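So the sequence lines, in the order shown, correspond to chains A and B. Under this note's numbering, the first residue of the first sequence is numbered 1, with each subsequent residue one higher. Under this note's numbering, the first residue of the second sequence is numbered 1001, with each subsequent residue one higher. In this text, a Cβ means the ideal position worked out from N, Cα and C, and glycines have one as well. Computed from a predicted model, the values in this text were never measured in an experiment. Contents: one structure, followed by commentary.
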Amino acid sequence: MKMKYMLMMNSPREGAGSILHWPKEDIQAHIRFMVGFAKKLSGTGELLVAEGLAFPDQAKRVRAGADGKPITDGVFPESKEFLAGYWIVEVDSPERAYDIAAEASAAPGRGGVPLNMAIEVRQVMSGPPPDMM
Amino acid sequence: MTESSHSRIEHLLREHAPRVLGAILRKFRDFGASEDAVQEALLAAALQWPRDGVPEDPRAWLIQVASRRITDHVRAEAARRHREELVVSLVPPELQLVLPRDGDELAGRDDALVLLFMCCHPALTTASAIALTLRAVGGLTTAEIAKAFLVPESTMAQRISRAKQSIQGSGVPFQKPTPEETAQRLGAVLHVLYLIFSEGYTASSGPELHRTDLSGEAIRLMRMLHALLPEDGEVAGLLALMLLTDARRAARTGPEGELVPLDVQDRRLWNAGMIEEGVALISATLSKGSLGMYQVQAAIAAVHDEAARAEDTDWPQILALYGVLMELSDNPVVALNHAIATAMVHGPEVGLALVKALDAEGRLEESHRLDAVRAHLLERAGRHAEAVAHYRQAAERTTSLPERNYLLTQAARLNDAKA
């Protein structure tokens, strides 16, 4: 029985924009890793979706005002735990989802040292069992 | 079944789709029903032709099958509603299937044009116009279009059916547009085809194969439009622009999908045949007078493509062309490109002054492009620390992943060299 999981990658501890200051070689190694990782997961048929998100600079918080119209709020750059990107995978077991998350977490960072960034793994809810329909 | 005969049949089907739909529409008038019937006929052909061989007159075959489908539908509908006055349900099918022989070739050509104008109707949203054009004129299936735009098939099906309803509701008649109508609506048609091309050409994280199909499809439709309106300068200009741009595709991205800027592309990877065709097309068009935006852009692309090495680029000519383009359009992105060309001719500091003025205008505030251009010019001026800061700022602002990767790498390269 296949299960779907969403793997949510948080920005590294030193902040979302830290990659802006890495040396060129490290940036290239990181990009190579991420491209290869997505290719590999597609190859095994486990990858459903993978998206990187634009820098938090571009994000806005939206809330409906009393009139139902959106009120947008600035982004708070001091916040360190922005969602940086996500994958949705379909795997045979939760352990496999954890393994995939760990592999992504170990993506190379500055100086080729694994980032070991936090990746939140949450199961995607499935449809109701047939007898409930 | 070989790969090549598969693609030959596919090519045939796309080729005939708009004319078949045009013929059916002329007979039955109902856009939605006609379009559905033609899609069914195309599917039937895709299944039968590889097995039984391509019929002698493929278009007649498709028209016949589509007519039969639509007649069946109409008859079923008529029976259900007891609308026996519908003539179509009373005429024996054999009689309905007789194809008009008179001026068929000419009528077919006009039909394709009318269809394009219908699908790119200004009343439709751009997204709907694109989807409908690809389906009705391009003969792509809903699934193919959905794949190309990376949206679920159900979403695309919704978009197409809403577009069909809008057309049906708007009462746009199916008839050859008058010269005035052609002039009025041609702009919308060209814009839609340009957007289809751009969607296919812009590097993206998606499965690229399907996207390149889109630029190929845009070029095919553009060729068709050019055959229908050979005298129109902007039609020729846009076709030339697409050919001259698409010719560079193989050199535009590296092995990891990263962007490779024009000045460091391996020009041996450029498609010489497409460049030759595009240059010939734009040269012939420019000599006829009455310039438009697409022609000038094609001329600029031609100057780039004709340089054997980046340093051979005729920048004074490009600068002059951007001057013409600025007169034709008040677009701040054009002004930004004009600043780049100025820098190439008169030095980076002169270009930077233009960029600064543009920045003060505030029209490019939301765009990362201003930062990216500024960074390039600052680097050329030897002001490396400032260049790094602007590369980084551009990287933070862009929402394109390949572009972000490119800008990050530029910032880091320059920063490494400084350290």
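#1: Evaluate A:V62 with the Cβ neighbour count: other Cβ atoms within 10 Å of its Cβ, from every protein chain shown; 16 or more gives buried, anything less gives exposed.
#2: Please decide whether A:D73 counts as near chain B, where near means a Cβ-Cβ distance under 9 Å.
#3: Helix, strand or coil for B:D1416? Go by DSSP, reduced to three states.
#4: I'd like to confirm the pairing. Which residues does DSSP put opposite A:A50 in its beta bridges?
#5: Hey, could you find the ends of the beta strand (DSSP E) A:M8 is sitting in?
#6: Within its chain, find whatever has a CB closer than 8 Å to the CB of B:A1046; leave out the 5 residues flanking it on each side and keep chain order.
#7: Taking 9 Å as the CB-CB cut-off, is B:E1365 touching chain A?
#8: List, in chain order, every chain A residue whose beta-carbon is nearer than 8 Å to that of B:R1401.
#9: Measuring straight from C-alpha to C-alpha, what distance separates B:P1402 and B:M1274?
#10: Spell out whether any CB of chain A is found under 9 Å from the CB atom of B:E1258.
#11: Is A:M133 close to chain B? Criterion is C-beta to C-beta, closer than 9 Å.
#12: Could you run through the segment 20-48 of chain A and flag, in chain order, every residue whose CB is less than 7 Å away from some CB of chain B?
#13: So if DSSP puts B:G1185 in a beta bridge, which residue, or which two residues, is it bridged to?
#14: Closer than 7 Å between beta carbons: that is the criterion. Which residues of the segment 1401-1415 of chain B meet it against chain A?
#15: Given that B:A1395 touches chain A, what residues does it touch there, using C-beta distances under 8 Å?
#16: Does the beta-carbon of B:H1006 have 16 or more other beta-carbons within 10 angstroms, so that it is buried, or is it exposed?
#17: When the cut-off is 9 Å and only beta carbons count, does A:G112 lie next to chain B?
#18: Please report whether the beta-carbon of A:G109 lies at a distance below 9 Å from any beta-carbon of chain B.
#19: Rounded to whole angstroms, what is the Cα-Cα separation between B:S1161 and B:A1136?
#20: For A:M8 and A:E120, which I take to be in contact (beta-carbon distance under 8 Å), what is that distance rounded to the nearest angstrom?
#21: Quick one: grab the DSSP three-state call for A:R61.
#22: Under 9 Å between beta-carbons, which chain A residues line up against B:R1392? List them in chain order, please.
#23: Which ranges would you report for the alpha helix (DSSP H) in the segment 1226-1260 of chain B if only whole runs of at least 4 residues count?
#24: Using a Cβ cut-off of 9 Å (strictly closer), state whether A:Q123 contacts chain B.
#25: Which residue from B:I1219, B:M1118, B:G1139, B:R1159 puts its Cα closest to that of B:Q1420?
#26: Are the beta-carbon atoms belonging to B:E1396 and A:L20 less than 9 Å from one another?
#27: What is the residue span of the alpha helix (DSSP H) that B:T1142 lies within?
#28: Quick check: the segment 1124-1140 of chain B against the segment 1148-1159 of chain B, are at least 3 beta-carbon pairs closer than 8 Å?
#29: Is A:V121 helix, strand or coil when you go by DSSP?
#30: Let's see if you can read the secondary structure: which residues bound the beta strand (DSSP E) around A:D73?
#31: By DSSP, does B:P1058 sit in helix, in strand, or in coil?
#32: In three-state DSSP terms, what is B:P1173?
Per the coordinate set shown:
#1: exposed
#2: no
#3: helix
#4: A:W87
#5: 3-10
#6: I1009, E1010, L1013
#7: no
#8: Checking the sequence, you will find Leu at residue 1401 of chain B rather than Arg. Neighbours of B:L1401 on chain A, chain order: G52.
#9: 25 Å
#10: yes
#11: Unreliable placement is indicated for A:M133, whose pLDDT of 49 sits below 50; the coordinate value is still reported in the next sentence. Closer than 9 Å: no.
#12: L20, W22, P23, K24, I27, Q28, I31, R32, V35
#13: For the record, residue 1185 of chain B in the displayed sequence is Arg; it is not Gly. Answer is none; B:R1185 lacks a bridge partner.
#14: L1401, N1405, L1408, T1409, A1411, A1412, R1413
#15: L20, F55
#16: exposed
#17: no
#18: no
#19: 12 Å
#20: 4 Å
#21: strand
#22: G17, L20, H21
#23: 1233-1246, 1249-1252
#24: no
#25: Residue 1420 of chain B falls outside the range modelled here, since chain B spans only 1001 to 1419, and no answer is possible.
#26: yes
#27: 1142-1148
#28: yes
#29: strand
#30: 70-73
#31: helix
#32: coil
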